[in-house]
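Enquirer: Can you read through this structure? Questions will come right after.
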Amino acid sequence: MNERNANELVQQDTATSDDRVVTKARTRGGGISFGRVLAAEIMKGRSAAPRRMALAFPLVLIVIVACFAFGLHVWMPSWINYWYVLLLPAMTALISVAVVNIDGKQQWRTTLSLPAAPVLVWWAKIVYCLLLVGLATLLALGLSAVMVAVSGVQGPSIVDFVVSALMLVLACSWMIPTGLALTARFGVLVGFGLPYMADLLASITFWGNRRLWPFLPPAAMINLPVPFMKVMPDGVPLETEDNSPIKAALSVFGGQSLTALVVCLVWFLLLSVLTGIWFSRKETN
Numbered sequence: 003m004n005e006r007n008a009n010e011l012v013q014q015d016t017a018t019s020d021d022r023v024v025t026k027a028r029t030r031g032g033g034i035s036f037g038r039v040l041a042a043e044i045m046k047g048r049s050a051a052p053r054r055m056a057l058a059f060p061l062v063l064i065v066i067v068a069c070f071a072f073g074l075h076v077w078m079p080s081w082i083n084y085w086y087v088l089l090l091p092a093m094t095a096l097i098s099v100a101v102v103n104i105d106g107k108q109q110w111r112t113t114l115s116l117p118a119a120p121v122l123v124w125w126a127k128i129v130y131c132l133l134l135v136g137l138a139t140l141l142a143l144g145l146s147a148v149m150v151a152v153s154g155v156q157g158p159s160i161v162d163f164v165v166s167a168l169m170l171v172l173a174c175s176w177m178i179p180t181g182l183a184l185t186a187r188f189g190v191l192v193g194f195g196l197p198y199m200a201d202l203l204a205s206i207t208f209w210g211n212r213r214l215w216p217f218l219p220p221a222a223m224i225n226l227p228v229p230f231m232k233v234m235p236d237g238v239p240l241e242t243e244d245n246s247p248i249k250a251a252l253s254v255f256g257g258q259s260l261t262a263l264v265v266c267l268v269w270f271l272l273l274s275v276l277t278g279i280w281f282s283r284k285e286t287n
């Protein structure tokens, strides 16, 4: 055996050894930490569509609130309601689809080449989407709160806006692992359309059901802000809504609201764990 052949064998052995190390790190959950995986996910989407969506969707509400607060000097809670009933779930679904598409265009080669378990890669995507949705919601409602306070119109306080934003993010979080998994498996149309339509149908159908709404995140998302934003899920201001049992139940943050928050968290964690297991098995096989 000459020297050239020996060098080729050494290089092949080294490459094989490196592949085994990466495979072992991924299957055993070793390798780089979750923080570094998340940082890689964030850097990868630095100039991609998800970040642009997280800025564009809040601008719609900010412009509308600014026109009413500074132009007409009135507070219109219905516009806040329309934003989180229609645009927030659309934004959440689209961000999830866009995050998957970044890897889909490269057939997941870049992401799965990381020496990390696939489940960590999956959770990094979930957390990244959650951060984008959270920042966008806080931006939309936070700037709206500032404009209401500066303009002097009669409206919710800054605390009411912030609390509502946090509850909205938790209530729509179930859409993130669902949208990621459906997009990775079936493509963009299913990944966006199915979670979005399920959210709209469930919220419209069950928000008035006093027994079921705390257990359905789509209905909880439009019911939880009622005592803070002072607007019913159908867009009617709370003070002008006709008296009814559902109005009395939603106008106060009580036991049902706390139950709904816990249920939303359980739905999010359960779907995240199940889709993470599916993704790990998919990539391992």
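Everything in the sequence shown is counted per our numbering, starting at 3 for the first residue and increasing by one. Glycine included, each C-beta is placed from N, C-alpha and C at the ideal position.
Is the distance from the Cβ of Ser-274 to the Cβ of Val-121 below 7 angstroms?
Expert: Indexing the sequence shown from 1 puts residue 274 at position 272. Indexing the sequence shown from 1 puts residue 121 at position 119. If you check the CB distance, Ser-274 and Val-121 do not come in under 7 angstroms.
Enquirer: For Ala-27, which residues of its own chain have a beta-carbon under 6 angstroms away from its beta-carbon, when the five flanking residues on both sides are left out?
Expert: As a first step, residue 27 must be located in the sequence shown, where it is residue number 25. Confidence in Ala-27 is poor, its pLDDT being 43 and thus under 50, which makes the residue's placement too unreliable to answer from.
Enquirer: When the Cα atoms are used, what is the spatial distance from Gly-237 to Met-78?
Expert: Your numbering for residue 237 matches position 235 in the sequence shown. Your numbering for residue 78 matches position 76 in the sequence shown. As the crow flies, the alpha-carbon of Gly-237 is around 10 angstroms from that of Met-78.
Enquirer: Give the list of continuous alpha helix (DSSP H) stretches no shorter than 4 residues that lie fully inside the region 225-283.
Expert: 228-231, 247-252
Enquirer: By the three-class DSSP mapping on this structure, what secondary structure does Trp-176 have?
Expert: As a working note, residue 176 is residue 174 in the sequence shown. Correct three-state label for Trp-176: coil.
Enquirer: Starting from the C-beta of Ile-160, find all residues in its chain whose C-beta is less than 7 angstroms away, skip the five residues before and the five after it, and write them out in chain order.
Expert: Here residue 160 corresponds to residue number 158 of the sequence shown, with the count starting at 1. Result list for Ile-160: Ala-147, Ala-151, in chain order.
Enquirer: Please state the DSSP three-state secondary structure of Val-12.
Expert: Here residue 12 refers to the residue found at position 10 of the sequence shown. Any reading at Val-12 needs caution, since the residue's pLDDT is 37, under 50, leaving its predicted position unreliable; the model's value is listed next. Val-12 falls in the helix class under three-state DSSP.
Enquirer: Would you check if there are 3 or more beta carbon pairs closer than 8 angstroms linking the region 188-195 to the region 84-100?
Expert: These segments touch.
Enquirer: For Met-45, count neighbouring Cβ atoms within 10 angstroms of its own Cβ and tell me buried if that reaches 16, exposed if not.
Expert: Locating residue 45 in the sequence shown gives position 43, counting from the first residue. Met-45 comes out exposed.
Enquirer: Let's test the definition: count the other Cβ atoms within 10 Å of the Cβ of Asp-244 and tell me whether it reaches 16, buried, or not, exposed.
Expert: Taking the first residue of the sequence shown as position 1, residue 244 is located at position 242. Classification of Asp-244: exposed, given that the 10 Å Cβ count is below 16.
Enquirer: Any idea if Ile-279 is buried or exposed, counting beta-carbon neighbours within 10 angstroms, 16 or more meaning buried?
Expert: Locating residue 279 in the sequence shown gives position 277, counting from the first residue. The residue in question, Ile-279, is exposed, as its Cβ has fewer than 16 Cβ neighbours within 10 Å.
Enquirer: Between the region 88-97 and the region 255-269, can you find at least three pairs of beta-carbon atoms closer than 8 angstroms?
Expert: no
Enquirer: With 16 other CB atoms within 10 Å as the buried threshold, where does Ala-50 fall?
Expert: Here residue 50 is taken as the residue at index 48 of the sequence shown, counted from 1. Answer is exposed; the Cβ neighbour count stays below 16.
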